[in-house]
Every structure is written in C-alpha cells, then in structure tokens.
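**Q**
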Amino acid sequence: MLLRGATILDGIGGRIDGGDLLLRGGKIVAVGKGLANPGVREIDAQGRWITPGIIDVHTHSGTWVMPLTAIDREASDVSEVATPNAADTWIETAVNAQDMAFDRALANGVTTTQILPGSTPIFAGRSVVVKPVRGATVWDMKVVGGVQGFKMACGENPKSWGADENNEGPTSRQGVISYMRQQFLDAQRYKHAVERARKAGGSMPPRDLKLETIAGILAGEIRVNLHCYRAGDIAAVLSVAKEFGFTIGAVHHATEAYKIPSLLREAGTCAAVWADWWGFKVEAQDAIRAEAPLLERAGVCVMMHSDSATDGQRLNIAAAKAAAAGRRIGIETPVETMIKWTTSNPARLLGLGDKVGTLAPGFQADVVLWSGDPFSIYSRPDVVVIDGAIAWDRSNLPEYPVSDFELGRGGVNP
Amino acid sequence: MRIVVSLLAIALAMPLSAQTIAVTHAEAWTMEGDAPVRDATIIIEDGRIRSVTAGGTPPPDARIIDAQGKPVTPGLVNAATQIGLVEISGSPDTSDRGSADERSPGHDVSRALNGNSTLVSLARADGLTRALIFPSPSRHAPFSGEPAFARLRGGADILDVANVGIYAVIGGGEWDRLGSRGAQWTALRNALDEARNGLASHNDGTKHRGKRAGSATSSKAEQGKKMLRAVVQGEAPLAIETNRESDIRQAALLAADYGIRVIIVGGAEAWRVADMLAAADISVVLDPGANIPRSFDQLGVRQDNAAILAKAGVRVAVGQAGGGIHASYNAGMGLRESAGLAVANGLPYAEALRAVTVNPMEMWGRGGGKLTEGAEADLVIWDGDPLEPSSIATHVIVEGRETASRSRQDMLAERYRDIR
C-alpha cells in the first residue's frame, strides 16, 4: 500500500513533511516525497502522521493478566520465586495469549513488546519478544531473529523477598551483588569446562540449565535487561558486568541514571525509563520526569518503557511528558528525536535494529498511521500495520470483543 | 498565646494577600459556557477574582502577568486522590491512608494531611490547586472514613474543608472484610438506619458544613456516626467506591430508599446505567483512561465511559486518575492526561475541563472552580492546552497568591543538568 502526504517520522531522527511511504510484500519499499504508485492501494494520509510501530521493551503481558484473581495473588506467573536464581526459566512457557492487554497495545500503535519476568529473583529468566497479534498461543506471536533477552534485578525487590521468612536469598544490597558474582563465577567455570570439552573432545560437564543460560550471558549470546533504580546499584552491577566481560543491554527503570550518564555511555548500556513513575518506593525517591532528555543530551541510548499494560498504551505520551520536563530546565527535544525513544532505540536493544523500529527500505512494515501528532493526547492510531498487513483499522473495527476472555461475558458489550 | 500567634500570622499574610495581580492577554476559561474569553484581563484582589473582561485595563498598582494569549484555567481539582496522606506507598510507616480502628466509620483524613509532602508540591507544579482526599478502606467495612478537601497553598496546612461526607467501598476484592457484597450493602444500610434512628436523640442542630463540621468535641467513634447523621439528613454526600453494574444499581436503590446524596467513585460499568444515574442525580468520579479491568468487578471498563455518562446528563469528575501509582504520585499530571483521554474518546472539551474544575466541587455540594467575579482566585496559566501532557503550568496562583511552581523533581533535574 502507499500512504501519501503524511508527516513522517522515520524513527532514527528524520522527518519528512508531506511524505509518502510505500509498503509491499511485508516490507518497506520506499520513503520519500512524490513516490510513484506501482499499482497498489493508496491511502490519503494528508494531515496525519506516520511513525514506525511502537516498541515496548518491558511488559508483563500474558503473565500479569487482568482481571487479577486470588489465584494470581497466591502464586503469580510473573516470576518464579522459589529461588533467587531462576535463570533456567523461559517466560514464554507462562504467557496467556488471551490477555486483552495485547489488544489494547495494538489499538494504541504498539507492534512489538518484550515480555520480561519480574524483578523478585536476582536472575529472573529469559524474556520473549512478541507482536500483539491474535493467536492461540504465544508461539503464534513470537518474534524471531533478535537477540535472546534475559532479566536480572538488584535493589529493594530481590532483597526484600530474600528477607521474607522462609525464603532463601540475600537480604541486603551487598548480598545481592555478591550473589550475582558467585553465579557468574560458577557459570564461567561451566563455560570453560564446556569449551575445553569441545576443543579437546573430553567429557562434557553435566548439563545445567541455569549455568548454561548464565554462560550464554557471558558469551554475549543472551542480553541482560537489568532492573535497577539507584545510581549506586546501577554502578555496582555495571562493575560486575565489567569484571565478567559482558555488556548489559539496558538498565530498566534506572531512575537515577541521570546522575551517572557517563557510566552507561562508556559501558554501551542503554536506559529504559518511565516518564513519571516516582516516589512509590524508597529507591524511587529521586526519579525525575526529565530523565530521558537529560540522558539523550549526555549521549546515552535511552528509551521509554512501561512495565504496565495501561501505560504501555501511551509510550509516546510518556515521551511527551519527559520532553516537557526537559523544557522546564531549558532542554528542548524535537519530535524526531523523541520518536527514537519508542521505536529505533528499543529495536536495537532487542537485537532487531535492522528489522523494525525504522522507516527505511528493507525494514519490516510495522507502521502506524496516526490521526495527528503522535505526541498529542488526542491522536489515535487510524491504521496499524504489522508485517505489511493491516492489524488494526479504526475505520473498520473488528467484531468485539477480540480476546476469547471477553467473549460472551455480560457487562462487556452494550 | 495561641490567639497572639494567629493574629501575627494574619498580619504577616496581609500584604501578600492584598496584592493585586492582573493576568493580561489570557485565553480565559471561566467555566461559564463552553468557550473561553479571548484576550482577557483577569484582575485578582484579596484572594478573589475581581473581574474577567476582554481587553480590560489592569489597575495601575497591579502586578502584571502577561499570559501572551495562552490558556488560563481555574486551578484544577482532583476529585479523588491521596496526596498529603502518603509519602512512600511501599513503606507503610510513611502512609496515613487507612484506619485500623475497627469501631469507627469516621477516619478523619483532615487530621493527617501534610502539605510539605513532595507529592503535593509536584501536583501543584502541574496545575492542581484543590483535591478531594479520600481515605483507604478501614477495618470498619464497608467504611473508609471522612474525606476532606485540600487546597494546595504553600506550607504544611493544606486543609480546605474537613469532614465533607462519608466514603465507603463495596465490591469483591482482597480489602473486603465482610465477605459477600450482599453483606456489605446490608452493613451500609444498617449504619444508615442507625443514623436515622439516632437523629431524634442526637440532633443538636449543628450544620455539617464549614471548616470542620462540628466534630471538635466528638470522640473518634462518635465522629463517623455524626457524619452518617449528616448523610441521612441530606447535608453531606455518601461516596461509594464501586465498579460493577449490579453494585451501581444497588447504590441508586440506596439513594432512593434513604433520600440521600450519593456519589459513585470508580464506576467502571457506570456507562451501562447512565440514564438511571442521570435520573437519580448521582454523580460519578472516574478514571477515563481505564480500559483494562483490574478485577471481575470492572469487566465492562471502557474509555468512553465519561462521554456516555455526560451525554446522558450525569455529572462526571476525574479522580483516581491514571490508576495505580499515578492516582497520587501524579495527581496533577495524571488528572490532565486522563481528562485529555476522555476528550479523545468523545467527551466534549469544555465538559472535560468541567470534570477537573467545577464538577468535583459541585458534587460535594460546594461552589467554586470558576473564574468569575467574586470567585476564589485559584488559577493556572499554561504554555499550551492544559489537557495535553506536553504542556507546562507556567504560573500557579492559589488564594490570590502565586505559589512556587518548582517541584523537588525540577530541583534535582537542575542539579544534575550539566552532568554528562
């Protein structure tokens, strides 16, 4: 299809006013002005805006499934909490594909999300990246071709859990860091033993799912998404990564990253941040809305993330709030920069930087046509395209409800 | 001694409150009618609005604030938040939201308010000047307690009006200490019956209005009962936080059976009974951004709830805005964002502004929230549309005085601004 005459933000800092976008065969074919129509459906997009599909690198969709019930409160699928080291878990084995959060995300322009395990364990397990399309299982939604993600956590969450009666695990920040180092040491030994056995043809060590996963982190095959708030916590874990020779993909929440931008920049580690979550816990006291513009200016790769099925519907609005807070202290951020925080930067974190998050020839056609400025509260996605197919069309809404869960329940339909 | 101190405080405050401020070139949303007054001059004197006139001339002694054609609105009013009661929600020793007193339905939140809280200064910087502060569920289910209006002037004392009504919560959920919602409705009706029966013996003629509604001499247990008597007399509203259609219908029945004023808070499925609520003159405080049910009580939650209710003639206000942490931690920004979402989902713009100014005042039987002659001078000058989260409140005036519009967050941002 050919979208004609829109304001196009390409996701990597470019802006074309009165621009055209040509999609064919699930890919982006051309972006520019006055494109010739090779005989495809044409949509008049004048007065509207086009961006890459929004990418949220931090959700618990399919595991923190609303409506919550007593079953979830008793035993949640968000994290495996039997041990502080749940490195052997794969969150995709828990995801409920009928979570209506996927539908809400899609209707609001989200085309890719990373589902992470929670932050209770220190080594919380593998993530899964999905597109919010309807399927019976998560494997109908799964995105392949990226880098395998992994979740780690520091600070209050793991230590508070460890301090609970009957739980095994460190009870202090220093304990958490020391626990990390011991697991990495064990994994290092395991990795060396495997490598020696492969090289010399000797016997392999007994297979260990936890060590195998953490060895994958050390080898750079698995990318760490680190839940951390305070500057000191972030610095401590960055030093652990340095000690063991791997790079942390992104610090999530990272509410004090603005105090230590050079540490993140030099480590090549991104920050995945909120605009305005703050104060609700002790380690979040110093969170500020201006974090994203401050980090952007300091040259840190920064992106918005949600951690919430509600806020995840409005990551661009989060970016708008962050930019406004920057303006309060004299830092202006243009829209073509803000859109990087919700498209190309998160795409790179997922190892999908050459596939999605950018409007350029050869990229997957994950595209949103917005009714207006994508940073305005009044704008809605008119059309959401995933892999070249229209996944959401506001002028031609699907039969409601969409998810199996909502079907046939009194109270839902008028 | 106390009197001397009070007089001194008044004397010190006089020169400030007496200052005349003129806001010029304003797009003034007076909340009279659906359109703003363009190029308005707003004159503020002695804590009140003296006049709002297009192209008016400011008095010679006035301090002039040039709005440069930008929107000026009444100070925003959050219809349900807990700022001033909580500092760090994850650390209960910094929270005063809920009462553990099993005997009293009357947890009086006005005695816990803390205007020095960082949540308050941030909300004010985001243009919030008033808020209905509600208590969390108490151990005397289904009652939470007695909400209060806060006015976000500077300093520790942010009490506007205490004991404005009774707040109760009904539905399914872990907070419930009575079991079935049937038992919860029965408990509420029993308490109202008791209050009605007690009217004859207890009615001392006290009007349950004013700064503190005659509760100074009451014991804690008596206080809630006194307020319940005000409810059955129709002098104070009963706010019921509830979401399921069946419960909202029960609330309407309750209002009719007892002839009392009821406000629904939450109201996820209120849109399903919009006409019934309009007929019963029941107002609704809601979060227009909600579109995912947190519990089975909210299965019908949808973002055009506000639009449907308003179209049917129900008075709506925005509260608990943004849900989760935003309801208190972003009591100003969350309110604006949620009102904007209501507009995006069909609520007329002027109606959305009313939902964050006049409506929350009216539903508690109070006036205000307007920029009209004689109105209390709480107003905000914006650098853009106040319902756009990307806009900034450039001046926040409370009680006729300009307040500090810098929050702790701004100070942290400035401190680290040049760290690279």
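These protein sequence lines are chains A and B, in that order.
One rule links them: number in the working numbering = place in the first sequence (from 1) + 1145.
One rule links them: number in the working numbering = place in the second sequence (from 1) + 1.
Ideal Cβ positions, reconstructed from N, Cα and C, are used throughout, including at glycine.
Secondary structure at A:LEU1495, three-state DSSP: helix, strand or coil?
**A** Taking the first residue of the first sequence as position 1, residue 1495 of chain A is located at position 350. DSSP places A:LEU1495 in coil when its eight states are reduced to three.
**Q** Using DSSP with H/G/I as helix, E/B as strand and the rest coil, what is B:SER139?
**A** To locate residue 139 of chain B, count along the second sequence from 1; it is residue 138. Coil.
**Q** Specify whether the segment 1224–1244 of chain A and the segment 1196–1210 of chain A touch according to this definition: at least 3 beta carbon pairs, one from each stretch, less than 8 Å apart.
**A** These segments touch.
**Q** Beta-carbon within less than 8 Å of B:VAL274's beta-carbon, same chain only, minus the 5 sequence neighbours each way: which residues are those?
**A** Here residue 274 of chain B refers to the residue found at position 273 when the second sequence is read from its first residue. Closer than 8 Å at Cβ, skipping near neighbours: GLU246, ILE249, ARG250 and ALA253.
**Q** Quick one, which residues of the segment 1245–1257 of chain A are near chain B if we go by CB-CB under 8 Å, in chain order?
**A** Taking 8 Å as the Cβ-Cβ cut-off against chain B, the residues of the segment 1245–1257 of chain A that qualify are MET1245, ALA1246 and ARG1249.
**Q** Evaluate A:GLY1390 with the Cβ neighbour count: other Cβ atoms within 10 Å of its Cβ, from every protein chain shown; 16 or more gives buried, anything less gives exposed.
**A** Along the first sequence, read from residue 1 onward, the residue named residue 1390 of chain A stands at position 245. Classification for A:GLY1390: exposed.
**Q** Just to confirm, is the Cβ distance from A:GLY1254 to A:GLY1170 under 9 Å?
**A** Along the first sequence, read from residue 1 onward, the residue named residue 1254 of chain A stands at position 109. Along the first sequence, read from residue 1 onward, the residue named residue 1170 of chain A stands at position 25. No; because the gap between Cβ atoms is not below 9 Å, this pair is not in contact.
**Q** Going by beta carbon distance, what residues of the same chain come within less than 6 Å of B:GLY268, once the five residues before and after it are set aside?
**A** Taking the first residue of the second sequence as position 1, residue 268 of chain B is located at position 267. Cβ neighbours of B:GLY268 beyond the five flanking positions: VAL285 and LEU287.
**Q** Is the shortest distance between the beta-carbon of B:ARG421 and the beta-carbons of chain A less than 9 Å?
**A** The residue labelled residue 421 of chain B in the question sits at position 420 within the second sequence. Yes, B:ARG421 lies at the interface with chain A (some Cβ there is under 9 Å from its Cβ).
**Q** Checking 9 Å against the spacing of the C-beta atoms, do A:TRP1422 and A:MET1448 come in under that value?
**A** Position 277 of the first sequence, counting from 1, holds the residue named residue 1422 of chain A. Position 303 of the first sequence, counting from 1, holds the residue named residue 1448 of chain A. For A:TRP1422 and A:MET1448, no; Cβs fall outside 9 Å.
**Q** Should the segment 343–359 of chain B be regarded as contacting the segment 159–168 of chain B, the criterion being three or more beta carbon pairs within less than 8 Å?
**A** No, the segment 343–359 of chain B does not touch the segment 159–168 of chain B.
**Q** Pick helix, strand or coil for A:PHE1550, following the three-state DSSP scheme.
**A** For the purposes of this step, residue 1550 of chain A is identified with residue 405 of the first sequence, where counting begins at 1. Here A:PHE1550 sits in coil by DSSP.
**Q** Enumerate in chain order the residues of its own chain whose CB-to-CB distance from A:ARG1186 is below 8 Å, with the five nearest sequence positions on each side excluded.
**A** For this step, residue 1186 of chain A is matched to residue 41 along the first sequence. The answer, listed in chain order, is MET1146 and LEU1147.
**Q** Looking only at C-alpha atoms, which of A:GLY1377, A:PRO1315 and A:LYS1276 sits nearest to A:GLY1533?
**A** The residue labelled residue 1533 of chain A in the question sits at position 388 within the first sequence. If we check each option's Cα against that of A:GLY1533, A:LYS1276 comes out closest.
**Q** If we cut at 9 Å on Cβ distances, does B:LEU86 have a partner in chain A?
**A** Locating residue 86 of chain B in the second sequence gives position 85, counting from the first residue. With 9 Å as the cut-off, B:LEU86 does not count as an interface residue toward chain A.
**Q** Can you tell me the Cα-Cα spacing of A:VAL1292 and A:ARG1493, whole angstroms?
**A** Looking up residue 1292 of chain A in the first sequence gives position 147. Looking up residue 1493 of chain A in the first sequence gives position 348. Each residue's alpha carbon lies about 9 Å from the other.
**Q** Using CA atoms only, rank isn't needed, just tell me which of B:GLY34, B:GLY301 and B:ALA41 is closest to B:VAL425.
**A** With chain B running from 2 to 421 in the structure shown, residue 425 of chain B is simply not present.
**Q** Using a Cβ cut-off of 7 Å, which residues of the segment 1395–1408 of chain A contact any Cβ in chain B, in chain order?
**A** Hits within the stretch, in order: TYR1403, LYS1404, PRO1406 and SER1407.
**Q** Ends of the alpha helix (DSSP H) at A:ARG1337?
**A** Start at 1 with the first residue of the first sequence, and residue 1337 of chain A comes out as number 192. Note that residue 1337 of chain A corresponds to His in the displayed sequence, not to Arg. Run containing A:HIS1337: 1318–1345, per the alpha helix (DSSP H) assignment.
**Q** Give a yes or no on whether the minimum CB-CB distance between B:LEU120 and chain A is below 9 Å.
**A** Locating residue 120 of chain B in the second sequence gives position 119, where the first residue counts as 1. Chain A, which has a Cβ nearer than 9 Å to the Cβ of B:LEU120, makes this yes.
**Q** Leaving aside the five residues before and after B:GLY369 along the sequence, list all residues of the same chain whose C-beta is less than 6 Å from its C-beta, in chain order.
**A** Numbered from its first residue, the second sequence carries residue 369 of chain B at position 368. Here the set comprises MET362 and GLU377.
**Q** Quick one: what's got a C-beta closer than 8 Å to B:LEU354's C-beta in the same chain, skipping five residues either side?
**A** Taking the first residue of the second sequence as position 1, residue 354 of chain B is located at position 353. So the qualifying residues of the chain are TRP30, MET32, THR74, ALA340, PRO387 and LEU388.
**Q** With 8 Å as the C-beta to C-beta threshold (strictly closer), list the residues of the segment 1269–1292 of chain A near chain B in chain order.
**A** Listed by position, the residues of the segment 1269–1292 of chain A near chain B (Cβ gap below 8 Å) amount to none.
**Q** Taking three-plus beta-carbon pairs below 8 Å as touching, is the segment 1339–1359 of chain A in contact with the segment 1392–1406 of chain A?
**A** Contact between the segment 1339–1359 of chain A and the segment 1392–1406 of chain A is absent, because fewer than three Cβ pairs lie under 8 Å.
**Q** Should A:GLY1520 and A:ASN1461 be called a contact, given that it needs their Cβ atoms to be closer than 9 Å?
**A** Position 375 of the first sequence, counted from the start, is the residue given in the question as residue 1520 of chain A. Position 316 of the first sequence, counted from the start, is the residue given in the question as residue 1461 of chain A. The displayed chain sequence assigns Phe, not Gly, to residue 1520 of chain A. In this structure, A:ASN1461 lies closer than 9 Å to A:PHE1520 by Cβ.
**Q** Alpha carbon to alpha carbon, what distance is there between A:ALA1250 and A:THR1317?
**A** Mapped onto the first sequence, residue 1317 of chain A falls at position 172. Mapped onto the first sequence, residue 1250 of chain A falls at position 105. Note that residue 1317 of chain A is Ser in the sequence shown, not Thr. The straight-line gap from Cα to Cα measures roughly 37 Å.
**Q** Determine contact between the segment 125–132 of chain B and the segment 389–409 of chain B, defined as no fewer than three beta-carbon pairs at a distance below 8 Å.
**A** Yes, the segment 125–132 of chain B is in contact with the segment 389–409 of chain B.
**Q** Between A:PHE1425 and B:ILE89, how many whole angstroms is the CB-CB distance? I'm expecting something under 8 Å.
**A** Looking up residue 1425 of chain A in the first sequence gives position 280. Looking up residue 89 of chain B in the second sequence gives position 88. Right, the Cβ-Cβ distance comes to about 7 Å (below 8 Å), so this counts as a contact.
**Q** Within the chosen definition, does the segment 307–327 of chain B reach the segment 62–72 of chain B through at least 3 CB pairs nearer than 8 Å?
**A** Result no; under three Cβ-Cβ pairs closer than 8 Å.
**Q** Just how far apart, CA to CA, sit B:GLY76 and A:LYS1387?
**A** Counting from 1 along the second sequence, the entry for residue 76 of chain B is found at position 75. Counting from 1 along the first sequence, the entry for residue 1387 of chain A is found at position 242. Taking the straight line joining both Cα atoms gives about 51 Å.
**Q** Would B:GLY260 and B:ARG230 be called neighbours here (beta carbons separated by less than 9 Å)?
**A** Position 259 of the second sequence, counted from the first residue, corresponds to residue 260 of chain B. Position 229 of the second sequence, counted from the first residue, corresponds to residue 230 of chain B. Going by C-beta atoms, B:GLY260 is not nearer than 9 Å to B:ARG230.
**Q** Which runs of the beta strand (DSSP E) spanning at least 3 residues fall entirely within the segment 1460–1527 of chain A, listed in chain order?
**A** DSSP runs (the beta strand (DSSP E)) wholly in the segment 1460–1527 of chain A: 1512–1515.
**Q** For B:LEU179, does the three-state DSSP call read helix, strand or coil?
**A** Here residue 179 of chain B refers to the residue found at position 178 when the second sequence is read from its first residue. Here B:LEU179 sits in coil by DSSP.
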